[in-house]
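Peer 1: Numbering (the numbering used here), first residue to last: 1 to 66. For glycine and all other residues, C-beta sits at the position ideal for the given N, C-alpha and C.
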């Protein structure tokens with residue numbers, strides 16, 4: 001009888017560890033920690049150009065300012 005309880009305890013511990021590992025890996029994948037999103041190069045370039053256009057002054061801006 002004691003061996004049955006010991007076996008059940010080990011079985012439940014192993015299955016709970018497996019469940020925790022599965023849930024943890026699913027959460028990591030969902031939060032893009034393991035598989036980050038693939039960003040297109042075009043959109044990355046567009047975003048960089050938008051940032052540059054926000055920070056750099058054009059000739060029109062300089063003329064309008066002075």
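Under a three-way DSSP split, which group does residue 31 fall into?
Peer 2: For the purposes of this step, residue 31 is identified with residue 31 of the chain shown, where counting begins at 1. Coil.
Peer 1: Pull up the distance between the alpha-carbon of residue 15 and that of residue 5, whole angstroms please.
Peer 2: As a working note, residue 15 is residue 15 in the chain shown. As a working note, residue 5 is residue 5 in the chain shown. The alpha-carbon atoms of residue 15 and residue 5 are separated by roughly 15 Å.
Peer 1: How many Å lie between residue 3 and residue 17 at the Cα?
Peer 2: Residue 3 sits at position 3 when you count from the first residue of the chain shown. Residue 17 sits at position 17 when you count from the first residue of the chain shown. Each residue's Cα considered, the two are about 21 Å apart.
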